[in-house]
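Going by full-length UniProt numbering, the first residue of the sequence shown is number 1, and it counts up by one from there.
By construction, the Cβ of each residue, glycine as well, lies at the ideal position given by its N, Cα and C atoms.
From a predicted model like this one, the values you see are computed outputs, not experimental measurements.
A short worksheet on the structure shown next.
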Amino acid sequence: MSTSARRRIVNDINKLRKEVYQGIRVMPFSQNMMYCQAIINGPKDTFWESGKSNIIKKFNLYTSTPIGTFNLIMQFSEEYPTKPPDVRFLSKMFHPNIYPDGRICLDILQNQWSALIDIASVLTSIQSLLSDPNPNSPANTIASEMYVKERNKYNSKVLECVEESWSTPSYSIPK
């Protein structure tokens, strides 16, 4: 990896460590800094956090509200920050703007990328996307239709993802 890309990744990660970003963590893989594991919590007071889950509240399943914790992998090219990282969810996700393979349909990761966008901005944008999907630009048409027409059913699917996130292991660099 080029020195400027490596320096930028280190600066971005250090910024995340110094500033308070609610529910966002990033760790570079020790074997290769071109890959980072990111973990984001579901946005507060959403079904992704599970704080609004009527099922959990109704059955009083937990003494404290469980939080959805989702794993992503970020792969950087030598052209970073000129080109965006490839960011994918490793956790199971059911969302209008997330493809079944974990790729994310988000403008700042595609045609709206700018070298001024850093890792924190990418992850906070993804976190916001969870609670505010764009059903008009679906990556998952089933999730999009369910979000628009059957919100309770969609929220149940989200809760399944949240529950599965509690047992999602950490990952190593893909081969």
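With DSSP collapsed to three states, give me the class of residue i.
| i | result |
| --- | --- |
| residue 20 | coil |
| residue 45 | coil |
| residue 27 | strand |
| residue 15 | helix |
| residue 51 | With a pLDDT of 46 at residue 51, under the threshold of 50, the modelled position of that residue is not reliable, and no figure is offered here. |
| residue 4 | helix |
| residue 147 | helix |
| residue 109 | helix |
| residue 62 | At residue 62, the pLDDT of 48 sits below 50, so the modelled position is not reliable and the matter cannot be decided from this model. |
| residue 82 | coil |
Along the chain, where does the beta strand (DSSP E) that runs through residue i open and close?
| i | result |
| --- | --- |
| residue 35 | 32-41 |
| residue 151 | Segment 151-165 is the alpha helix (DSSP H) holding residue 151; no beta strand (DSSP E) there. |
| residue 86 | 86-89 |
The alpha helix (DSSP H) with residue i in it runs from where to where?
| i | result |
| --- | --- |
| residue 75 | That residue, residue 75, is in no alpha helix (DSSP H); its beta strand (DSSP E) goes 69-75. |
| residue 119 | 119-131 |
For residue i, list the residues DSSP reports as bridge partners.
| i | result |
| --- | --- |
| residue 104 | 98 |
Might you give, ordered along the chain, the residues of its own chain that have their beta carbon closer than 6 angstroms to the beta carbon of residue i, omitting 5 neighbours on each side?
| i | result |
| --- | --- |
| residue 86 | 75 |
| residue 127 | 40, 43 |
Among the residues of its own chain, which have a CB less than 8 angstroms from the CB of residue i, if the five just before and after it don't count?
| i | result |
| --- | --- |
| residue 175 | Because residue 175 sits at a pLDDT of 48, beneath the cut-off of 50, its placement in the model cannot be relied upon, and the following sentence gives the value as read from the coordinates. Correct list: empty, nothing qualifies. |
| residue 140 | 94, 95, 96, 97, 98, 99, 100 |
Under 7 angstroms Cβ to Cβ from residue i, same chain only, skipping five residues before and after it: list those, please.
| i | result |
| --- | --- |
| residue 49 | 41, 42, 43, 67, 68 |
| residue 8 | 80, 81 |
| residue 165 | 68, 69, 70, 91 |
Are any of the Cβ atoms in chain B nearer than 8 angstroms to that of residue i?
| i | result |
| --- | --- |
| residue 17 | In the structure shown, chain B cannot be found, because there is only a single protein chain. |
request  = Specify whether the region 31-46 and the region 103-116 touch according to this definition: at least 3 beta carbon pairs, one from each stretch, less than 8 angstroms apart.
outcome  = no
request  = Please determine if the region 90-103 and the region 152-162 are in contact, where contact requires at least 3 C-beta pairs separated by less than 8 angstroms.
outcome  = yes
ask   = Should the region 126-143 be regarded as contacting the region 13-20, the criterion being three or more beta carbon pairs within less than 8 angstroms?
value = no
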